[in-house]
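**Student:** Residue numbers (the working numbering): 983 to 1221.
Got a structure here, written out as structure tokens. Questions coming.
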Ligand code: NAI
């Protein structure tokens, strides 16, 4: 459960222009299920903004996102409601507010540990910066990778890690190293003062409670895909 101790009231004048004020009235408990859905809202709203859409009804958003309109209203009501009956949602405002809730209004500096296949692929993904995630460094133990640059960021050796974290305001470390070394490296990162780990190694890291860990397992997503293929085939008499 995550707590937000603010609520938003939004008013519209007869031209449909809104003004909003933020007031601290109560603490609400937001379920992790809602938090998990917010990035998807954020992505869709970003696309709407890019295509010049200024406002959208929950019904139209529902059709695009293939989520029921009542689910959308329920989710967004958690934050005091950003919409207005008969007007819909102001796309830019909602996008900005969800961005704030997701902590995207400030940059997050990150480093990648492990410059192998996955580490290099992530380092090459330029769109992280669009979402406020700024790649500051890449580290590895393999000396043959030393000095190689990815999008202008050089690969450094692990003996520079601790000083680099302390001196460059690094908040997040991405772990793309073999699982047998991940636990020890995570310990080193914690000692150096990292706040969060985006963990791709298939192992539980056993870090103190104040360290935020988000683990990613692409194979789990693939297994869900496989399940849905099987279910579809059962229902439609396929293979
Ligand atoms: P890779 O072998 O291409 O790269 C691993 C890199 O880590 C190498 O460059 C190696 O020199 C470096 N390394 C090894 N020990 C290190 C240490 N103590 N400190 C710093 N660097 C170190 O492997 P690949 O394919 O890039 O996979 C990396 C990790 O990501 C593996 O644990 C793999 O199982 C995992 N993985 C996870 C996925 C997921 O969905 N969670 C998907 C694909 C890979």
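By construction, the Cβ of each residue, glycine as well, lies at the ideal position given by its N, Cα and C atoms.
Quick check for students: name the residue ranges of the beta strand (DSSP E) that lie wholly in the region 1020-1092, counting only runs of 3 or more.
**Tutor:** You should have 1070-1072.
**Student:** Output the residue ranges of the beta strand (DSSP E) runs that lie fully inside the region 1096-1170 and measure 3 residues or longer, sorted by chain position.
**Tutor:** Fully enclosed beta strand (DSSP E) runs of 3 or longer: 1115-1122, 1135-1139 and 1154-1157.
**Student:** Between residue 1013 and the ligand NAI, is there a pair consisting of the residue's CB and a ligand heavy atom that are separated by less than 7 Å?
**Tutor:** Sequence index remark: in the chain shown, residue 1013 carries index 31 (1-based). No, the Cβ of residue 1013 stays beyond 7 Å of every heavy atom of the ligand NAI.
**Student:** What separation, rounded to the nearest whole angstrom, lies between the Cα atoms of residue 1108 and residue 1117?
**Tutor:** Start at 1 with the first residue of the chain shown, and residue 1108 comes out as number 126. Start at 1 with the first residue of the chain shown, and residue 1117 comes out as number 135. Taking the straight line from one Cα to the other gives about 9 Å.
**Student:** Three-state secondary structure (DSSP) at residue 1005?
**Tutor:** Here residue 1005 is taken as the residue at index 23 of the chain shown, counted from 1. For residue 1005, the predicted model reports a pLDDT of 31, less than 50, meaning its position is unreliable; a value from the coordinates is still stated below. Three-state result, residue 1005: strand.
**Student:** Using only the alpha-carbon positions, how far apart do residue 1012 and residue 1060 sit?
**Tutor:** Indexing the chain shown from 1 puts residue 1012 at position 30. Indexing the chain shown from 1 puts residue 1060 at position 78. Their backbone Cα atoms lie some 7 Å apart in a straight line.
**Student:** Run the CB neighbour count on residue 1006, radius 10 Å, all protein chains shown included, and call it buried at 16 or more, exposed below.
**Tutor:** Here the question's residue 1006 lines up with position 24 in the chain shown. Residue confidence for residue 1006 is low, a pLDDT of 34 falling below 50, so the modelled location carries little weight; the figure read from the coordinates is stated next. The residue is exposed, with fewer than 16 neighbouring Cβ atoms inside 10 Å.
**Student:** Taking 7 Å as the cut-off, is the beta-carbon of residue 1123 closer than that to any non-hydrogen atom of the ligand NAI?
**Tutor:** Working through the chain shown from its first residue, we reach residue 1123 at position 141. Answer for residue 1123: yes, Cβ within range of the ligand NAI.
**Student:** If we ignore side chains and look at the alpha-carbon of each, how far apart do residue 1219 and residue 1207 end up?
**Tutor:** Translated into positions along the chain shown, residue 1219 becomes position 237. Translated into positions along the chain shown, residue 1207 becomes position 225. Roughly 18 Å between the two C-alpha positions.
**Student:** Taking its Cβ as the centre, do 16 or more other Cβ atoms sit within 10 Å of residue 1129, making it buried, or is it exposed?
**Tutor:** Indexing the chain shown from 1 puts residue 1129 at position 147. Residue 1129 is exposed by the Cβ-count criterion.
**Student:** At which residues does the beta strand (DSSP E) containing residue 1210 begin and terminate?
**Tutor:** Residue 1210 sits at position 228 when you count from the first residue of the chain shown. That residue, residue 1210, is in no beta strand (DSSP E); its alpha helix (DSSP H) goes 1200-1218.
**Student:** Tell me whether residue 1175 is buried or exposed, calling it buried when 16 or more other Cβ atoms sit within 10 Å of its Cβ.
**Tutor:** Position 193 of the chain shown, counted from the start, is the residue given in the question as residue 1175. Answer is exposed; the Cβ neighbour count stays below 16.
**Student:** Consider the C-beta atom of residue 1182 and the heavy atoms of the ligand NAI; say whether any pair is separated by less than 7 Å.
**Tutor:** Position 200 of the chain shown, counted from the start, is the residue given in the question as residue 1182. Yes - the ligand NAI has a heavy atom lying nearer than 7 Å to the Cβ of residue 1182.
**Student:** Tell me whether residue 1140, by its Cβ, gets closer than 7 Å to a heavy atom of the ligand NAI.
**Tutor:** Locating residue 1140 in the chain shown gives position 158, where the first residue counts as 1. Answer for residue 1140: yes, Cβ within range of the ligand NAI.
**Student:** Counting beta carbon pairs with one atom in the region 1145-1156 and one in the region 1081-1094, are three or more of them shorter than 8 Å?
**Tutor:** Contact between the region 1081-1094 and the region 1145-1156 is present, because at least three Cβ pairs lie under 8 Å.
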